[in-house]
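Below is one structure, written out as structure tokens, with a few remarks after it.
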Amino acid sequence: MEAASLRRAPALPELIRLGLIGSLLLLAAVGWLVTDERMAGMDMGPGTHPGTLGFWVAAWVVMMAAMMFPSIAPMVLMHARIEQGKRAKGRDPLAGATAVFIGGYLLVWSVAGLGGYAVLSLGHELSPGFLAWDESGPYVAGAVIVAAAIYQLTPLKDVCLTKCRSPFEFLLTAWKPGRIGALRMGIEHGGWCVGCCWALMAALIALGVMSVGWMAFVAALIAVEKLLPWKAVANRSIAILLAVLGLAVAVVPEDVPGLTVPADAMGSGVHGGSTTGPSMGR
-1 MEAASLRRAP ALPELIRLGL IGSLLLLAAV GWLVTDERMA GMDMGPGTHP
49 GTLGFWVAAW VVMMAAMMFP SIAPMVLMHA RIEQGKRAKG RDPLAGATAV
99 FIGGYLLVWS VAGLGGYAVL SLGHELSPGF LAWDESGPYV AGAVIVAAAI
149 YQLTPLKDVC LTKCRSPFEF LLTAWKPGRI GALRMGIEHG GWCVGCCWAL
199 MAALIALGVM SVGWMAFVAA LIAVEKLLPW KAVANRSIAI LLAVLGLAVA
249 VVPEDVPGLT VPADAMGSGV HGGSTTGPSM GR
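Per our numbering, the sequence shown starts with residue -1, numbered consecutively.
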């Protein structure tokens, strides 16, 4: 579609706009409920075992819907607006094109989830002793979170975040016609989103990927940096918050609210803590 056609796309009818927003929020709410039910009692802290591949993939896709759907609402609305704009030109919009766009987005995050599964599984398979929580575990977890803070300030993060925050500009340059085009655009947008948020997901794994509380924390950070109008302020504030959190996990993990200290720290006298769960990499 030509750029001029995209610029002339009329506003979405209010009923459709509210319906799309409501559907995304409803799916996100269902995702949170399902995640809470499936992960009840499974938070074993940093390095929690991911379980079987089938369980991980199903849980990951639901997690991504819960965490990401609210923040991609502006992009979905813009895609639907452009599709609806075809009516003004005497053409019928493609049925389901926006749903296909969302499907492409989830597909990319599913592939990213496989990467996370591979890293976690390899860590548990190798079980290097230095990753034990009563040895270097807290420092490794803290370092991952601090690395996520540093990534917030990189040029690559800025480019990816700009793409995620600018629905019109993204679709203006990426638009492809048809349902296959919608799928390709969803995949491309998902790629930019992974580039924007992968470090935050790594921080989530370092904090406890099976923790609904930490999921909500990271989801809130993603929503803040994608939806609030002050990009630079949001980005730098999140970087500072992650840096402080990473240092706290490394130095005083027992004082970090909501952090489950793995079981191998119990009775060791190192870093304190008293809950159940495997060590980093075990």
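Beta carbons are placed, not taken as given, at the ideal position from N, Cα and C, and that holds for glycine.
The Cβ atoms of residue 220 and residue 105 lie no closer than 8 Å to each other.
Taken in chain order, the complete alpha helix (DSSP H) segments of 4 or more residues contained in the segment 126 to 197 are 135 to 149, 153 to 163, 165 to 172. A Cβ-Cβ distance of about 5 Å is found for the pair residue 244 and residue 140, placing them in contact under the 8 Å criterion. The residue from 158, 34, 70, 109 with its alpha-carbon nearest to that of residue 214 is 34.
Exclusion of the five residues before and after residue 62 leaves 104, 107 as the residues of its chain whose Cβ lies within less than 7 Å of its Cβ. Taking C-beta atoms as the reference points, residue 147 and residue 240 count as a pair closer than 8 Å. Contact between residue 222 and residue 201 is ruled out by a C-beta separation of about 14 Å, above the 8 Å threshold.
Closest in alpha carbon position to residue 24, among 256, 118, 68, is 68. Of the residues 27, 116, 18, 119, the one whose Cα lies closest to the Cα of residue 73 is 18.
Residue state for residue 212 is assigned as helix, using DSSP reduced to three classes.
If you ignore the 5 residues before and after residue 99, its C-beta comes within less than 8 Å of the C-beta of 74, 77, 180, 181, 183, 184, 187, all in its own chain and listed in chain order. By the C-beta density criterion, residue 151 is exposed, having fewer than 16 other C-beta atoms within 10 angstroms. When DSSP states are grouped into helix, strand and coil, residue 66 belongs to the helix group.
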